[in-house]
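Numbering (the working numbering), first residue to last: 2 to 303.
All C-beta atoms, glycine included, are put in the ideal place defined by N, C-alpha and C.
As the structure is a computational prediction, the values presented were derived from the model and not from experiment.
Scroll down for the structure; my scribbles are underneath it.
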Ligand SMILES: [Mg+2]
């Protein structure tokens, strides 16, 4: 971490408030802390090799060009609606349900296989921010759970973790749309309730399954979510204002929120600095969060 000068890309609107929150979390100790993180453009980089990196949804090639084109057409129709300032939120939520539902159906109809996911990830432009491995290692060592909460696809996120991190973390869990494959590795359905970009706040803990068990029923969910609910301090990582809703399902005591503002900084910094305790600009690495997390876990001087 030494040698990384993040001062130019770090914005803290209220340093005293942040300091008070850090002190409160440290006093309560690591046993009360959990991390809730968005995946795309939060754990992963916004730019990869100078170009916009791919998302967990965007990287998927289902091995059937006709269906890839159909999903792309849906993207072109619905993506502008997602950001339209004039559509009321109820209507927009229906549109997002429609979009995600149609996309999932195309994946089933088009015969997506688990092998196609592996190949898509292997050839994708997706990369973790520098310092993500160190962050997960620190949190694993301190027994702090990490919930990755995403409107993308759990099975793809798990494959990205497998291929890009080269080791697994038992403290990392995914809350996202989860696929069901048959014995030949073909997608047959989706599990549980649909998570789209506008309802990421409703069912935070209910769908969490362990990483690396995509074919099995997740075990120990009740215990996990009970223990997660007992962890009343939250370090939240996101890249959209909507990501702040990820902790809505929790009755938290102290929440420290970190926002990555990757693009369009002039227009968004005003709202981001009011909404997040810490804002990192310009697709910053994760070192500031590693540093923050290690402060939160340290009992020195508490
Ligand atoms: Mg994101």
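> So, is residue 168 buried or exposed, given that buried needs 16 or more other C-beta atoms within 10 angstroms?
Replying inline: Position 167 of the chain shown, counting from 1, holds the residue named residue 168. Residue 168 comes out exposed.
Worksheet entry | residue 71 versus residue 127: straight-line alpha-carbon distance, rounded | Counted from its first residue, the chain shown places residue 71 at position 70. Counted from its first residue, the chain shown places residue 127 at position 126. Here the alpha carbon of residue 71 sits roughly 22 Å from the alpha carbon of residue 127.
Look up residue 86 in the DSSP assignment and say whether it is helix, strand or coil. What you label residue 86 is simply residue 85 of the chain shown in a count that begins at 1. In this structure, DSSP gives residue 86 a state outside helix and strand, which the three-state scheme calls coil.
Worksheet item: Is it right to say residue 248 is buried, meaning 16 or more other beta carbons lie within 10 angstroms of its own, or is it exposed?
Response: Within the chain shown, numbered from 1, the residue matching residue 248 stands at position 247. Sixteen is the threshold: when 16 or more other Cβ atoms of the shown chains lie within 10 Å of the Cβ of residue 248, as they do, the residue is buried.
ask   = Hey, quick one: how far does the alpha helix (DSSP H) through residue 289 stretch, first residue to last?
value = Sequence index remark: in the chain shown, residue 289 carries index 288 (1-based). It spans 288–298 - the alpha helix (DSSP H) in which residue 289 sits, taken as one unbroken run.
So what's residue 178 in DSSP terms, helix, strand or just coil? For the purposes of this step, residue 178 is taken as the residue at position 177 of the chain shown. If DSSP states are grouped into helix, strand and coil, residue 178 belongs with the strands.
Review point. When DSSP labels each residue in this structure, what does residue 27 get in the three-state scheme?
Key: What you label residue 27 is simply residue 26 of the chain shown in a count that begins at 1. DSSP places residue 27 in helix when its eight states are reduced to three.
By the three-class DSSP mapping on this structure, what secondary structure does residue 106 have?
For the purposes of this step, residue 106 is taken as residue 105 along the chain shown, with counting starting at 1. Helix at residue 106.
Listed in chain order, which residues are found with a beta carbon closer than 7 Å to a heavy atom of ligand 2?
With respect to ligand 2, the structure shown offers nothing to examine, as its ligands consist of ligand 1.
task = Would you mind giving the Cβ-Cβ distance between residue 178 and residue 191, rounded to the nearest angstrom? I have them listed as a contact below 8 Å.
result = Numbered from its first residue, the chain shown carries residue 178 at position 177. Numbered from its first residue, the chain shown carries residue 191 at position 190. Their Cβ separation, rounded to whole angstroms, is 6 Å, which keeps residue 178 and residue 191 in contact under 8 Å.
Option nearest residue 159 by Cα separation, candidates 17, 176, 143 and 7:
As a working note, residue 159 is residue 158 in the chain shown. When only C-alpha atoms are compared, the closest one is 176.
Whole-angstrom distance between residue 116 and residue 214, CA atom to CA atom: Taking the chain shown and counting its residues from 1, one reaches residue 214 at position 213. Taking the chain shown and counting its residues from 1, one reaches residue 116 at position 115. With a pLDDT of 40 at residue 214, under the threshold of 50, the modelled position of that residue is not reliable, and no figure is offered here.
query = What separation, rounded to the nearest whole angstrom, lies between the Cα atoms of residue 221 and residue 267?
reply = The residue labelled residue 221 in the question sits at position 220 within the chain shown. The residue labelled residue 267 in the question sits at position 266 within the chain shown. Confidence at residue 221 is low in this model, with a pLDDT of 41, below 50, so the placement of that residue should be treated as unreliable; the coordinate-derived value is given next. Near 45 Å, if we compare the C-alpha coordinates of residue 267 and residue 221.
Return the residue from the list 102, 85, 294 and 83 that minimises the CA-CA distance to residue 193. On the chain shown, residue 193 is found 192 positions in, with the first residue counted as 1. The shortest C-alpha separation from residue 193 is found at 102.
- Message: Give me the DSSP bridge partner(s) of residue 265.
- Response: Start at 1 with the first residue of the chain shown, and residue 265 comes out as number 264. Answer is none; residue 265 lacks a bridge partner.
Using the three-state DSSP reduction, which class does residue 63 fall into: helix, strand or coil? Translated into the one-based positions of the chain shown, residue 63 becomes position 62. Per DSSP, reduced to three states, the secondary structure at residue 63 is coil, with no helix or strand assignment.
Given 8 Å as the limit, is there contact between the stretch 81–91 and the stretch 21–35, that is, 3 or more CB pairs closer than that? Cβ pair count under 8 Å is below three, so no.
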